[in-house]
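Chemist:
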Amino acid sequence: MGVGVSNWRLAQAVSRIGQLGIVSGTGLDQVLARRLQDGDLGGEVRRALAHFPFPQMAQRIMDALFIPGGKAPDAPYKPAEKQVMKSSAWRDELCIVSNFVEVFLAREGHSNPVGINYLEKIQMPHLASAYGAVLAGAAVVIVGAGIPVEFPRMLDALSKHEAATYTIHVHGAVPETDCRRVFDPSQFIEAGAPVPVLERPNFLPIISADSLATMMLRRSGSTVEGFVIEGPLAGGHNAPPRGQLKLTEDGQPIYGQRDVVNLEAMRKIGLPFFLGGAYGSPEALRAALADGAAGVQVGTPFALCVESGMEAEMRRALIRRALAGKGRVFTDRLASPTGFPFKVADLEGTLSEASVFEARRRICDLGYLREVYLKGDGTFGYRCPAEPVEAFVAKGGTIEETVGRKCICNGLFGNIGLGQVLADGTREPGIVTLGDDYLNIGRFCTPEKMDYTAADVVRHLLG
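Here the sequence shown stands for residues 0 to 462, where the numbers follow numbering that gives the first Met the number 0.
1. Looking only at C-alpha atoms, which of V259, I318, L460 sits nearest to P281?
2. Could you check where the beta strand (DSSP E) with V227 kicks off and where it finishes?
3. Going by the DSSP bridge assignment, what does I60 pair with across the sheet?
4. Rounded to whole angstroms, what's the CA-CA distance from P387 to G366? Just pull it up for me.
5. Which ranges would you report for the beta strand (DSSP E) in the region 1–86 if only whole runs of at least 3 residues count?
6. My assumption, with CB atoms under 8 Å, is that P252 sits in contact with T330. Please give the rounded CB distance.
7. Considering only C-alpha positions, which residue in the set L64, A283, Q36, S86 is nearest to A292?
8. Let's test the definition: count the other Cβ atoms within 10 Å of the Cβ of I121 and tell me whether it reaches 16, buried, or not, exposed.
9. Assuming G20 contacts A10 under a Cβ cut-off of 8 Å, what Cβ separation, rounded to an integer in Å, is found between them?
10. Considering only residues of the region 131–217, which uninterrupted alpha helix (DSSP H) runs meet the minimum length of 4 residues and lie entirely inside it, listed in chain order?
11. Counting Cβ pairs closer than 8 Å, one from the region 333–343 and one from the region 403–414, do we hit at least three?
12. What are the start and end residues of the beta strand (DSSP E) that includes V295?
13. Which residue wins for smallest C-alpha separation from V259, given the options S210, G434, A79?
14. Nearest to L157 by alpha carbon, out of L134, G69, Y437, L322?
15. Starting from L373, follow its DSSP beta bridges and name the residues at the other end.
16. Can you tell me whether DSSP reads A344 as helix, strand or coil?
17. Measure the alpha-carbon distance for M214 versus R257 and round it to whole angstroms.
18. What does the alpha-carbon distance come out to for the pair T376 and I398?
19. With distances taken between CB atoms, is the gap from A132 to N111 smaller than 8 Å?
20. Relative to the alpha-carbon of T166, which residue among G191, G255, S219 has its alpha-carbon at the smallest distance?
21. What ranges does the beta strand (DSSP E) occupy inside the region 278–336, keeping only unbroken runs of at least 3 residues that lie completely in it?
22. Looking only at its own chain, which residues have a Cβ that is under 7 Å from the Cβ of L438, when we skip the five neighbours before and after it?
23. For R404, name the three-state secondary structure that DSSP assigns.
24. Report yes if the C-beta distance between L232 and G410 is below 8 Å; otherwise report no.
25. For L203 versus V139, is the C-beta distance shorter than 8 Å?
26. I'd like the span of the beta strand (DSSP E) that includes I115, first residue to last.
27. Helix, strand or coil: how does DSSP classify H236 here?
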């Protein structure tokens with residue numbers, strides 16, 4: 000659900016009515032930082048911080064970022080401290096606190112479980128972020144966009160306040176031991192503060208093939224409680240097609256029979272699995288249950304409901320397009336710096352428009368999707384094919400790798416009203432990701448009544 004679209008309000012609304020609400024864990028450090036700089040006008044962040052178990056850490060975050068009444072609308076947000084291989088107490092504290100806040104608020108006022116979703120492609124914040132989510136009582140952790148084999152053991156350690164490690168993929172590095180991040184919760188537990196007893200969340204990796212399920216079970220070294228199986232109709236990042244790449248006339252990757260997960264093999268594994276990708280209808284839910292699924296993962300209908308973190312006018316503009324028969328989702332194989340295909344919804348004024356994309360000055364000031372690489376002198380470098388072309392090429396990249404690459408990081412922040420203010424007073428343009436089920440959004444709304452709730456979605460799905 001991008002950055003901040005599946006926010007605490009949406010997750011809380013879904014969990015309150017008996018389903019599993021999932022908050023997006025992507026970029027939460029900067030989501031929190033920008034909310035505080037905007038003045039936390041509803042007071043929710045400060046309310047959550049009052050419950051954070053280590054008050055001195057919470058106060059440091061407040062002292063550094065909170066602006067009473069909010070910054071001036073035309074003032075830029077403070078520059079982000081980008082993740083790098085060398086640990087930083089400040090970066091870790093911001094990740095811990097921000098993940099705690101989001102999960103705490105999603106759980107507030109009810110006793111039903113809440114989960115959090117991370118991207119394996121954004122590895123460096125994993126340790127501190129997951130610790131913050133576990134501190135807040137996250138019941139489920141879901142990880143996609145990669146193969147997160149080390150996550151189960153990491154959750155084992157963090158739930159016991161024990162030191163954990165995570166291997167960071169470094170291009171050009173051979174010994175994996177040289178690329179490990181280490182995180183020790185004891186360095187963040189304040190003297191005299193009660194140490195909370197934590198429960199380990201259930202772990203559900205997102206997979207696109209049954210062979211990945213068996214590999215996860217074989218290599219994880221701990222328990223995996225189930226799987227989310229995402230097909231190529233789901234929003235966000237999709238797994239690349241298996242086999243030789245073939246494209247449609249307009250350049251979208253073609254998926255075939257090899258990309259269909261063998262559900263019989265999944266049933267034999269014996270663990271619960273959930274199906275995602277165009278399952279936003281009662282008929283699709285019934286079909287999934289008949290195939291042995293424990294349930295379905297639904298994103299797009301919730302992304303366009305009123306509790307979503309997406310800006311209201313953007314949300315309504317997307318709905319208007321779909322209801323008028325003009326909705327379109329393009330599976331862009333070039334947009335994401337990760338190299339994974341990425342679903343992009345057409346919308347005026349966003350990076351889906353060629354003129355907007357071409358007019359944007361390339362900059363990499365958030366850096367979540369940067370690749371870590373080993374430089375000739377043995378030190379670590381960082382590059383992103385969506386950064387300025389000259390800089391990327393100087394770091395060993397090629398011009399071909401930069402063609403069509405969009406700044407997903409800044410674009411997703413633009414969708415939720417937290418886009419950076421640029422020198423000319425404008426904000427970073429958004430980039431909307433939705434699944435193919437976007438075209439069927441008329442199940443939940445009409446041109447006369449475009450606003451609908453998470454509860455409306457659940458009622459429709461359950462018949």
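Backbone N, C-alpha and C define an ideal beta-carbon position, used for all residues, glycine too. Given the structure is predicted, the values throughout are model-derived calculations rather than measurements.
Modeler: Let's see:
1. Closest option to P281, Cα to Cα, is L460.
2. From DSSP, the beta strand (DSSP E) with V227 extends over 226–229.
3. In the DSSP output, where bridge partners are listed per residue, I60 has none listed.
4. Distance between the alpha carbons of P387 and G366 is about 12 Å.
5. Listed in chain order, the beta strand (DSSP E) runs fully inside the region 1–86 are 20–23, counting runs of at least 3 residues.
6. Contact between P252 and T330 holds, with the beta-carbon distance rounding to 6 Å and staying under 8 Å.
7. Considering only alpha carbons, the answer is A283.
8. By the neighbour-count rule (16 or more Cβ atoms within 10 Å), I121 is buried.
9. Between A10 and G20 the Cβ distance is about 3 Å, and since that is below 8 Å, they are a contact.
10. With a minimum length of 4 residues, the unbroken runs of alpha helix (DSSP H) contained wholly in the region 131–217 fall at 150–157.
11. Touching, yes.
12. Per DSSP, V295 belongs to the beta strand (DSSP E) from 294–296.
13. Comparing Cα positions, the closest option is S210.
14. When L134, G69, Y437, L322 are compared, the shortest CA-CA separation from L157 is found for L134.
15. Its beta-bridge partners are F379.
16. In this structure, A344 counts as strand in the three-state DSSP scheme.
17. In this structure, the alpha-carbon of M214 lies about 18 Å from that of R257.
18. Rather than Thr, the amino acid found at residue 376 in this sequence is Asp. Straight through space, the alpha carbons of I398 and D376 are spaced by roughly 23 Å.
19. Taking a C-beta distance under 8 Å as the contact criterion, A132 and N111 do not qualify as a contact pair.
20. Considering only G191, G255, S219, the residue with the shortest C-alpha distance to T166 is S219.
21. Whole beta strand (DSSP E) segments, 3+ residues: 294–296, 328–331.
22. The beta carbon of L438 lies closer than 7 Å to those of A321, G326 in the same chain, with the five residues before and after it left out.
23. Three-state result, R404: coil.
24. Contact flag unset, no.
25. Taking C-beta atoms as the reference points, L203 and V139 count as a pair closer than 8 Å.
26. First-last of the beta strand (DSSP E) with I115: 113–118.
27. Three-state DSSP puts H236 in a strand.
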